[in-house]
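*Asks:* Shown below is the structure under consideration.
2 protein chains.
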Amino acid sequence: MRLALEWAARAAAMHEVPVGAVVYRDDQVLAAAHNRREVDADPVAHAEILAMREAAAKLGTWRLDACGLAVTLEPCPMCAGAMVNARLGELVYGAADPKMGCVDTLYQLCTDPRFNHRVTVRRGVMAEASAELLRAFFRERRGPDKPVKPRP
Amino acid sequence: MRLALEWAARAAAMHEVPVGAVVYRDDQVLAAAHNRREVDADPVAHAEILAMREAAAKLGTWRLDACGLAVTLEPCPMCAGAMVNARLGELVYGAADPKMGCVDTLYQLCTDPRFNHRVTVRRGVMAEASAELLRAFFRERRGPDKPVKPRP
Chain A
1 MRLALEWAAR AAAMHEVPVG AVVYRDDQVL AAAHNRREVD ADPVAHAEIL AMREAAAKLG
61 TWRLDACGLA VTLEPCPMCA GAMVNARLGE LVYGAADPKM GCVDTLYQLC TDPRFNHRVT
121 VRRGVMAEAS AELLRAFFRE RRGPDKPVKP RP
Chain B
1001 MRLALEWAAR AAAMHEVPVG AVVYRDDQVL AAAHNRREVD ADPVAHAEIL AMREAAAKLG
1061 TWRLDACGLA VTLEPCPMCA GAMVNARLGE LVYGAADPKM GCVDTLYQLC TDPRFNHRVT
1121 VRRGVMAEAS AELLRAFFRE RRGPDKPVKP RP
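In structure tokens form, the structure reads like this:
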């Protein structure tokens, strides 16, 4: 999670929402990424998706059942669904996301018994550091010098 | 949807689960894809994700609010979530998916008022042709000459 936080901080430096993710197997880091939606103009370029794709490419299989993923923010429906599709073994996340969180907050997609896979979930790991990174990012964007554009 | 079905048939020919998707804007096709999870060893390589990524790359933005997507099968949680993230304007799908469908069947992710975007949904378009393509694919895989491996 410490490495995921480092990646999240890199995202903030390039004006991307600071979320970082790491995929690991046993003690080995297979992939690390941060949110790149703006810079890549890619709607699916969340940190979790990029890290899972990189890990799958490295392993040569879409099955990540022997892997865990650490991410600084509770995953959205797309990322939670991708974890089920990838048969991810374990998810560890930091801060809860009241707006889009679909692991615990709005839905429980990673643990729904109707799907063909359930992901083991640990939550709240280094949550305060992760939340503070996000708060600082949005505080700066909303500062008097940089008015944030209203959502369309 | 006719083009999406053609792409789904191509997937079957390469032993991928036959699902096809097309992204369009007005009368113009921007992108078309089929499921490539096995051949790409990529857990997120569903037809919808690939078509949305291609369309976004073509438009130079992750926002697909002026676009529609036609897909032969009801989207899974990952793909439904990606449509919300991409601010997709319209979704048209064929057959319902009782196992993973998250637009109507198991969840209604594309129309949840708590998310920051809702997708307009049309359903059941050419559903029988789409379902028959999937049935034929799995019938062949389960045939006496090709026993299907049990799910791990």
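Protein chains in written order, with the working numbering: chain A, 1 to 152; chain B, 1001 to 1152.
All C-beta atoms, glycine included, are put in the ideal place defined by N, C-alpha and C.
For clarity, every value in this text was computed on a predicted model and none was experimentally measured.
1. Compare the C-alpha of alanine 1031 of chain B against each of B:Pro1113, B:Cys1067 and B:Ala1129 and name the closest.
2. Contact criterion: CB-CB distance below 8 angstroms. Does proline 1147 of chain B meet it with respect to chain A?
3. Taking the alpha carbon of glutamine 28 of chain A as the point to measure from, which residue in A:Pro75, A:His15 and A:Leu69 has its own alpha carbon closest?
4. Could you work out which residue in A:Gly124, A:Val22, A:Pro18 and A:Pro43 is closest to methionine 1083 of chain B when comparing CA atoms only?
5. From threonine 1105 of chain B to arginine 114 of chain A, what distance separates their C-alpha atoms?
6. Is it the case that the Cβ atoms of glutamate 38 of chain A and glutamate 16 of chain A are separated by a distance below 8 angstroms?
7. For the region 84-111 of chain A, which residues have a CB atom closer than 9 angstroms to at least one CB atom of chain C, in sequence order?
8. Please identify, using Cβ separations under 7 angstroms, the residues of the region 42-53 of chain A that lie next to chain B, in order along the chain.
9. Measuring CB to CB, does glycine 1094 of chain B end up less than 8 angstroms from leucine 1064 of chain B?
10. Quick one: measure Cβ to Cβ for methionine 78 of chain A and histidine 46 of chain A, integer angstroms, because I've assumed they're closer than 8 angstroms.
11. Starting from glutamate 90 of chain A, follow the beta strand (DSSP E) in both directions and report where the run begins and ends.
12. Can you tell which of B:Thr1072, B:Arg1123, B:Glu1140 and B:Phe1137 has its C-alpha closest to the C-alpha of methionine 1004 of chain B?
13. Have a look at A:Leu133, A:Arg139 and A:Arg142 and flag the residue whose alpha-carbon is nearest the alpha-carbon of alanine 11 of chain A.
14. Scan the region 1028-1058 of chain B and note each continuous alpha helix (DSSP H) run of 4 residues or more that stays entirely inside, going in chain order.
15. Bridge partners of alanine 21 of chain A, per DSSP?
16. Check the DSSP bridge columns for threonine 969 of chain B and list the partner residues they point to.
17. Would you tell me roughly how many angstroms separate the C-alpha atoms of glutamine 1108 of chain B and serine 1130 of chain B, rounded to the nearest one?
18. Would DSSP call glutamate 1016 of chain B helix, strand or coil?
19. Helix, strand or coil, according to DSSP, for cysteine 1171 of chain B in the structure here?
20. Report back the beta-carbon spacing between cysteine 102 of chain A and asparagine 1085 of chain B to the nearest angstrom; my notes put them in contact at under 8 angstroms.
21. Strictly under 8 angstroms for the Cβ-Cβ distance: is leucine 1073 of chain B near chain A by that measure?
22. Helix or strand or just coil, what does DSSP make of arginine 195 of chain A?
23. Distance cutoff 8 angstroms, beta carbons only. Does glycine 60 of chain A sit that close to anything in chain B?
24. Which term fits asparagine 116 of chain A, buried or exposed, when burial requires 16 or more other beta carbons within 10 angstroms of its beta carbon?
25. What's the C-alpha gap between glutamate 1006 of chain B and aspartate 97 of chain A?
26. Express the C-alpha separation of glycine 60 of chain A and alanine 1136 of chain B in angstroms, rounding to a whole number.
27. Note down, in chain order, each residue of its chain lying with its Cβ closer than 6 angstroms to the Cβ of phenylalanine 1138 of chain B, except the 5 sequence neighbours on either side.
28. Determine, using beta carbons only, whether methionine 1078 of chain B comes closer than 8 angstroms to chain A.
29. Rounded to the nearest angstrom, what separates methionine 52 of chain A and valine 1125 of chain B at their Cα positions?
30. Would you tell me roughly how many angstroms separate the C-alpha atoms of arginine 1122 of chain B and lysine 1099 of chain B, rounded to the nearest one?
31. Nearest CA to the CA of valine 92 of chain A: which residue from A:Glu140, A:Ala21 and A:Arg36?
32. For chain A, check one thing: does any of its Cβ atoms lie closer than 8 angstroms to the Cβ of leucine 1064 of chain B?
*Replies:* According to the data block:
1. With distances taken between CA atoms, alanine 1031 of chain B lies nearest to B:Cys1067 out of B:Pro1113, B:Cys1067 and B:Ala1129.
2. Annotation note: pLDDT 49 at proline 1147 of chain B (below 50); position unreliable, no value reported.
3. Residue A:Leu69 is the option with its Cα nearest to glutamine 28 of chain A.
4. The residue with the shortest Cα to Cα distance from methionine 1083 of chain B is A:Pro43.
5. Threonine 1105 of chain B and arginine 114 of chain A have their C-alpha atoms some 11 angstroms from each other.
6. For glutamate 38 of chain A and glutamate 16 of chain A, yes; Cβs fall inside 8 angstroms.
7. In the structure shown, chain C does not exist; the protein chains are A and B.
8. Here the close residues are Asp42, Pro43, Val44, Ile49, Met52 and Arg53.
9. No, the Cβ-Cβ distance between glycine 1094 of chain B and leucine 1064 of chain B is not below 8 angstroms.
10. So it is a contact: roughly 7 angstroms between Cβ atoms.
11. Run containing glutamate 90 of chain A: 90-95, per the beta strand (DSSP E) assignment.
12. According to the sequence shown, residue 1004 of chain B is alanine rather than methionine. The shortest C-alpha separation from alanine 1004 of chain B is found at B:Thr1072.
13. Measuring from the Cα of alanine 11 of chain A, the nearest candidate turns out to be A:Leu133.
14. Listed in chain order, the complete alpha helix (DSSP H) runs (minimum 4 residues) inside the region 1028-1058 of chain B are 1037-1040.
15. DSSP lists A:Ala33 and A:Val71 as partners of alanine 21 of chain A.
16. Any property of residue 969 of chain B remains undetermined from this structure, which presents chain B solely from 1001 to 1152.
17. Cα to Cα, glutamine 1108 of chain B sits roughly 21 angstroms from serine 1130 of chain B.
18. Look at glutamate 1016 of chain B here: in three-state DSSP terms it is coil, with no helix or strand label.
19. Lying before the first or after the last residue shown, residue 1171 of chain B is absent from chain B, which here runs from 1001 to 1152.
20. Wrong, their Cβ atoms sit about 12 angstroms apart, outside the cutoff.
21. With respect to chain A, the C-beta atom of leucine 1073 of chain B has no partner C-beta closer than 8 angstroms.
22. The requested residue 195 of chain A does not occur in the structure, where chain A is confined to residues 1 to 152.
23. By this cut-off, glycine 60 of chain A is an interface position.
24. Around the beta carbon of asparagine 116 of chain A, fewer than 16 other beta carbons lie within 10 angstroms, which makes this residue exposed.
25. So the two alpha carbons sit approximately 39 angstroms from each other.
26. Separation of alanine 1136 of chain B and glycine 60 of chain A (C-alpha to C-alpha, rounded to the nearest whole angstrom) is 28 angstroms.
27. Nothing listed; no residue qualifies.
28. Yes, contact with chain A.
29. So the two alpha carbons sit approximately 33 angstroms from each other.
30. Taking the CA atoms as reference points, arginine 1122 of chain B sits about 19 angstroms from lysine 1099 of chain B.
31. For valine 92 of chain A, the nearest C-alpha among the options comes from A:Ala21.
32. Answer yes: the Cβ-Cβ gap between leucine 1064 of chain B and chain A drops below 8 angstroms somewhere.
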